[in-house]
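Take any residue in the sequence shown, count from 1 to its spot, add 1: that is its number in my numbering.
Structure first, commentary second.
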Amino acid sequence: MAILEGLEPPCGLKQLVITSYGGLRYPTWLVTNRLINLVSVTLSSCKRLDSLPPLGKLPFLTNLEFKVMPALKLIGVELYENADPVFPSLEFLKLELLEGCEEWSEAHIEQEEWLQQLPSLEELQFTRSEELLSLPANLANISSIKKLEISSCPEIKSLPENGLPMLLKELIISQCPSLIERCRKDEGADWLKIAHIPYIQIDDQEIESMTRVSCSGAAADHVCIGAGAEHDDDDNWGNELNCKKVFYVL
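What follows is the structure, encoded as structure tokens:
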């Protein structure tokens, strides 16, 4: 602890990686938010830390990763304490090998509030966290998220009751047996919660979404037209959609 405390980095530091740290507490220079220019933070193999540092106020942080932290039991309010907005620039959040972590927060009201305040988050990953019991209840309210990956989290049994973000473009699920069963195409209890997503991959197999879209000229990466949809005979009708790929499901 004394060594890391003494290695106080300059205020202009943009990327911070702490790995194999054996202390019980974070260094003062990290918890006081004096490193306001940080863009990327990774904590890895910090096996005795049982909480997360308060990083929610960092104005320029775009990338945040927590890996191999077995003492962490929950993701609590200390991560974002009194930040408004919470993580204003965060685009990528990854939680990997948090073996003892079971839930996001004991203070559920605060959890819902900060999840709705992630204005820039585009990608969220849950990887190899075998004790994690559920996804955040209000995940659907993160309107900016484009990609969600859930891998090797066998205790996650279902998707949140409110579903997933309507603008989500990519969903990847692997090695989550109960969740995969509920997401089976047309038959699973959670299928209707994901049928709107253009790209779905389950256990390395791409699942074709049957979502029917309204073709109003809006830009999109992928458009899938369901069976029975009508369109003009003009061969160039797809060009008017201003999209990269068009799929017509027969």
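Even for Gly, the Cβ is constructed at its ideal location relative to N, Cα and C.
In this text the structure is predicted, and so the values were computed from the model without any measurement.
- The shortest C-alpha to C-alpha distance from ASP85 to any of LEU65, ILE201, VAL69 and PRO60 is the one to PRO60.
- The secondary-structure analysis by DSSP pairs THR128 across a beta bridge with GLU97 and SER152.
- Under the DSSP definition of a beta bridge, SER21 lacks any partner.
- Distance from the CA atom of PRO89 to the CA atom of ASN34, rounded to whole angstroms, is 14 Å.
- Here GLY23 is exposed: its Cβ has fewer than 16 other Cβ atoms, across all protein chains shown, within 10 Å.
- DSSP places THR29 in the helix class (H, G or I) of the three-state scheme.
- Taking a C-beta distance under 7 Å as the contact criterion, LEU65 and LEU39 do not qualify as a contact pair.
- With contacts defined as CB atoms closer than 7 Å, PRO155 and CYS177 qualify as a contacting pair.
- Listed in chain order, the non-local C-beta contacts of ASP191 below 7 Å within the same chain comprise SER159, LEU160, ARG183 and CYS184, local neighbours out to five positions each way being set aside.
- In this structure SER45 is in contact with THR20, their Cβ atoms being roughly 4 Å apart against a cut-off of 8 Å.
- The shortest C-alpha to C-alpha distance from SER130 to any of LEU62, GLN206 and GLU97 is the one to GLU97.
- Secondary structure at GLU182: helix, using DSSP grouped into helix, strand and coil.
- Between ILE195 and LEU165 a beta carbon distance of about 6 Å is seen, short of the 8 Å cut, so the two are scored as contacting.
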